[in-house]
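Input: a single structure, listed below in structure tokens.
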Amino acid sequence: MKLVTVLMLTALPLYCYAGIGCDLLDDMISTTIDPDVDVTEYINNLKDFLPGEETEKAYTFMKECFLHQSEETLEK
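Going by mature numbering (1 follows the signal peptide of the UniProt record, and there is no 0), the letters in the sequence shown line up with residues -18 to -1, 1 to 58, in that order.
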């Protein structure tokens, strides 16, 4: 599962470089750091890119980490 996540995160910048996925990557980053987007909405937005339950748990954990950050930290 870790390998799948690494490969997925490696592939996203390549899509962006090719001009295919720049908006996709920007939207993903924006929703990750947006404190107004809750975990359920975040996971539903990324459902097509989550290959399994373990990856979903990792993304849930990552989003929860961002939700616990201050506004000042998120702006940087």
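Quick reminder that beta carbons are idealized off the backbone N, C-alpha and C, glycines included.
* Hey, quick one: how far does the alpha helix (DSSP H) through D18 stretch, first residue to last? -> Note, D18: premise wrong, no alpha helix (DSSP H); not H, not E.
* Asked: For K39, is the classification buried or exposed, using 16 other Cβ atoms within 10 angstroms of its Cβ as the cut-off for buried?
  -> exposed
* Closer than 6 Å by C-beta to I15: which residues in its own chain qualify, once you throw out the five before and the five after it? Chain order, please. => Only F48 and L56 meet the Cβ criterion.
* Cβ atoms of T(-14) and T42: under 7 Å apart, would you say? -> no
* Asked: Alpha carbon to alpha carbon, what distance is there between M10 and H50?
  -> If I take the Cα positions, the gap works out to 18 Å.
* Asked: For L32, does the three-state DSSP call read helix, strand or coil?
  -> In the structure shown, L32 adopts coil according to DSSP, grouped into three states.
* Asked: Between P33, K45 and D5, which lies nearest to Y24 when the distance is taken from Cα to Cα?
  -> Per the Cα distances, K45.
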